[in-house]
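Numbering (our numbering), first residue to last: 6 to 499.
Here is the structure we will look at, set down as C-alpha cells.
Here it is, written out as C-alpha cells:
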C-alpha cells in the first residue's frame, strides 16, 4: 500500500482509536464489578495451563501475560479487549482496501462492522472469547485475501497466525479456513494460490501455535467439548425431525439477528440505488458468497448429523463478519454512486458511536430508577473491604467463578478458589484464616451451601463453620436496595 493510500484511510483508524478509548473510559466509569467473562479471566489468571475447560485458552494466555506485566485490574481487562477490537477493525479495513477501489466504500465496509449488534454491543458487554475469534478471523482474512491478490511469504505466514490463534480462540473457528479453502479452490483463477508451496508455511505456523493445546486436548476432549455440545444439542426429548427443525429455525433466527440490522441500514442508506447491486458481482463477491455458503452448509450438516438444536448468533462471527465488505463489493460492482450515501452512513456511525457507550453505561446506571439490577450492580468490592476489616484472609473459597474473579480483582496476592472449578486446587494447609463467600439468592437459605460444606470436608477435613450474612448497597441503588452475601471463616488448620 502506498503512502497516499495510507493517508486516504488513516482517518478511519484514528476515529476507531478514539471510539475504543472512549469505550475503555466508559467501562471504567460504569462499575468496578466484573461480568461473567471478565471474572473468568481474572480467576483463571492465577495459573498458566495448556487448557482450562470448554473454551480454548488464547484469551486466557493473553490476559495472563498482561496481568503479569501490569497487575490485575479492570483497566487491564478493558484495554486488552478494546485493543484487540481496534486491531481487528484495522485489519478489516486493510483487507477492504485490497479489494475495493472506492475509498468511501472502504470506510463504509470497515465502519459497517459497527452495525452488527453482536460485535458493537455484545462484545463490549462481555464475550471475551468471541472477541478473540473476531481478532483471529480478521488476521486470517487479511492474510488470506492478501495471499490471493498480492501473495508473499508474509501473507501466507499471517494466514497461518490467524488460523493458529483462531483455533485457540474457539473450536468452531475451523469452519472459516475450511470455507476459504473450498471457496478458493472452486475458482480456477485463484487455485494456483492454494497449491502454492508457501501454503506449507501457513500450515506449519498454525500447527506450532496450537500444538501445546492439542496435547492437552488429547487427554481432555470430553472436558473441553461437553459443555458446548450440551448447549448445542439441548432439545430435550424431541424427535429427530423436531430436533432438525429446531436447529434449522435457530440458525435462520441467528442469521437474521446477526445480519438483519446491517442489511436494513445499508438498504436505508443506499435506497433504490442498492437494487442494481443485488444482481451485480465480481470475482471477490463470488468468493465471499462461496465462503458463506460453505459455512452455512457446515452448520446445517452439524444440525442434521450432529444433533445441534440451538445455534446462537454469536457463533456466526467467524464467517458473517465479512458481511459489510461483501455488501460494499456488490455496490462497487454495480457502479453505484456513493457520495450522498456515504454522508448518510457517517451520520448513522456517529449515532452508533455515541449511542452504544451510552446504552452500556445506562443499562447499569438506570437501576437507580428501575430497580432492575445487572451483575455489574453487585457490590463485591465493598463487601470484601468490610470482611477484610474483620480479618485478613490467607485464602478464599468462592461459591462460583463469577464471585471468585470479582474477589481476586481486589485481593490479587491471595489464592482464590471456586467450588465450580476443581481444576485449581493449591495447597491451603498452612493458609489461615480461610474466608468462604457465596451469593445469597433472594429469599433463599442463609446456610452454608452443601457443595461448599462438602468441599471443606473433602479437602480440609473441616467441619461446617458458622454461616453469616453481609449486605451492601447496590451500585446505582434505588432507595435502600441491598445485595446479600453469605460468608464464613475457617480459622483452624484441617
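Cβ atoms here follow ideal geometry from the backbone N, Cα and C, with glycine treated the same way.
Query raised in the report: Apart from the five residues on each side of it in sequence, which residues of its chain come closer than 7 Å, Cβ to Cβ, to residue 309?
Result: Answer for residue 309: 249, listed in chain order.
Report task. Select from 175, 288, 13, 426 the residue whose C-alpha is nearest the C-alpha of residue 142. Result -> Per the Cα distances, 175.
**Report entry** Delimiting residues of the beta strand (DSSP E) encompassing residue 447
**Finding:** Run containing residue 447: none; DSSP gives neither H nor E here.
**Report entry** Residues that DSSP places opposite residue 494 in a beta bridge
**Finding:** Residue 494 pairs with 440.
**Report entry** Where residue 171 falls, given that 16 or more other Cβ within 10 Å makes a residue buried
**Finding:** By the neighbour-count criterion, in which 16 or more other beta carbons inside 10 Å mark a residue as buried, residue 171 falls on the buried side.
Requested in this report: Take residue 187 and list the residues in its own chain whose beta-carbon comes closer than 6 Å to its own, dropping the five residues that flank it on each side.
Outcome: Apart from the 5 residues on each side of it in sequence, residue 187 sits with its Cβ closer than 6 Å to the Cβ of 299 in its chain, given in chain order.
Query raised in the report: Using CA coordinates, which residue listed in 461, 386, 118 is at the minimum distance from residue 434?
Result: Out of 461, 386, 118, 461 has the C-alpha closest to the C-alpha of residue 434.
Query - Same chain, Cβ closer than 8 Å to residue 7, neighbours up to 5 away in sequence not counted - result: Interpretation of residue 7 is limited by its pLDDT of 45, a score under 50 that renders its predicted location unreliable; the figure taken from the coordinates is listed afterwards. Contacts found: none.
Query raised in the report: Where does residue 24 fall in DSSP's three states?
Result: In this structure, residue 24 counts as helix in the three-state DSSP scheme.
**Report entry** Within 7 Å, strictly: CB atoms of residue 173 and residue 61
**Finding:** Yes, they are a contact pair.
**Report entry** Touching by the beta-carbon criterion (3+ pairs, under 8 Å), the segment 366-376 and the segment 131-147
**Finding:** No, they do not touch.
Report task. Starting from the Cα of residue 210, find the closest Cα among 247, 158, 226 and give me that residue. Result -> Looking from the CA of residue 210, the closest CA among 247, 158, 226 belongs to 158.
Query raised in the report: When we look at the beta-carbon of residue 476 and count the other beta-carbons within 10 Å, is it buried (16 or more) or exposed?
Result: With fewer than 16 Cβ atoms within 10 Å of its Cβ, residue 476 is classed as exposed.
Requested in this report: Just the C-alpha distance for residue 484 and residue 34, rounded to the nearest angstrom, thanks.
Outcome: Cα to Cα, the separation comes out at about 21 Å.
Query - Whole-angstrom distance between residue 281 and residue 1, CA atom to CA atom - result: The structure shown does not extend to residue 1, since the chain is modelled only from 6 through 499, so no value can be given for it.
Report task. With residue 345 as the anchor, note down where its alpha helix (DSSP H) starts and where it stops. Result -> Boundaries of the alpha helix (DSSP H) around residue 345: 344-370.
Query raised in the report: Who are the Cβ neighbours of residue 90 in its own chain at under 7 Å, not counting the five residues just before and after it?
Result: Excluding sequence neighbours, residue 90 sits near 25, 128, 136.
Query raised in the report: Mind checking residue 5: buried by the 16 CB within 10 Å criterion, or exposed?
Result: Because the chain is modelled from 6 through 499, residue 5 falls outside the range shown and cannot be assessed.
Query raised in the report: If you compare alpha carbons, which of 323, 474, 355, 358 is closest to residue 144?
Result: Residue 144 has its Cα closest to that of 323, out of 323, 474, 355, 358.
Report task. Pull up the distance between the alpha-carbon of residue 443 and that of residue 466, whole angstroms please. Result -> For residue 443 and residue 466, the distance between alpha carbons rounds to 20 Å.
Query raised in the report: Fully enclosed by the segment 156-243, which alpha helix (DSSP H) runs are 4 residues long or longer?
Result: Correct list: 158-174, 180-190, 196-199, 204-224, 226-237.
Requested in this report: Please state whether DSSP places residue 419 in a helix, a strand or coil.
Outcome: Secondary structure at residue 419: coil, using DSSP grouped into helix, strand and coil.
Report task. Give a yes or no on whether the minimum CB-CB distance between residue 201 and chain D is below 7 Å. Result -> Of the chains in the structure shown, none is chain D; there is only one protein chain.
Requested in this report: For residue 225, collect the residues of the same chain with a Cβ closer than 8 Å to its Cβ; drop the 5 residues on either side in sequence, then sort them by chain order.
Outcome: Result list for residue 225: 56, in chain order.
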